[in-house]
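Participant:
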Amino acid sequence: MACHPQESVALTALEQALVSIMRVFHTYSGCRGRLRKADLKALVNRELPQFVQEIRDPNTLERLFRDLDADGDKSIDFQEYTTLVAMVTAACHTSFLQGQ
Ligand SMILES: [Ca+2]
Numbered sequence: 001m002a003c004h005p006q007e008s009v010a011l012t013a014l015e016q017a018l019v020s021i022m023r024v025f026h027t028y029s030g031c032r033g034r035l036r037k038a039d040l041k042a043l044v045n046r047e048l049p050q051f052v053q054e055i056r057d058p059n060t061l062e063r064l065f066r067d068l069d070a071d072g073d074k075s076i077d078f079q080e081y082t083t084l085v086a087m088v089t090a091a092c093h094t095s096f097l098q099g100q
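First residue of the sequence shown: 1, per full-length UniProt numbering; consecutive thereafter.
#1: For ligand 1, is there any heavy atom lying closer than 8 angstroms to the beta carbon of residue 32?
#2: Between residue 29 and ligand 1, is the CB less than 8 angstroms from at least one heavy atom?
#3: Between residue 67 and residue 76, what straight-line distance do the alpha-carbon atoms span, to the nearest angstrom?
#4: Look at the alpha carbon of residue 54 and the alpha carbon of residue 44, and state the distance between them as a whole number of angstroms.
#5: Quick one, which of 24, 31, 50 and 51 has its alpha-carbon nearest residue 40's?
#6: Grouping DSSP H, G and I as helix and E and B as strand, with all else coil, what is residue 14?
#7: When every heavy atom of ligand 1 is checked, does at least one fall within less than 8 angstroms of the C-beta of residue 55?
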């Protein structure tokens, strides 16, 4: 698998979307490479405002964080973040189909 796209080659829409998924994670995880609770809240509220209801309640954040933190290390790594992306994508796809 070639995961280092050449600068001069145009990416497809799906490839651009995958790059965006990676960039967003790294924007919020910074050099730690992992999301803390506050990072997750900021990411969801700033990057998914049309797709996910704003997180205001600490219990909602706690529940989401716990659900995503599969290994229980109190942080969300990239693999766990992809679960969030998949969940939101699947839920939105269902709504998308119902809206057609
Ligand atoms: Ca974790």
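C-beta: ideal position from N, C-alpha, C; glycine also.
Facilitator: Inspection of the coordinates gives the following:
#1: no
#2: no
#3: 10 angstroms
#4: 7 angstroms
#5: 24
#6: helix
#7: no
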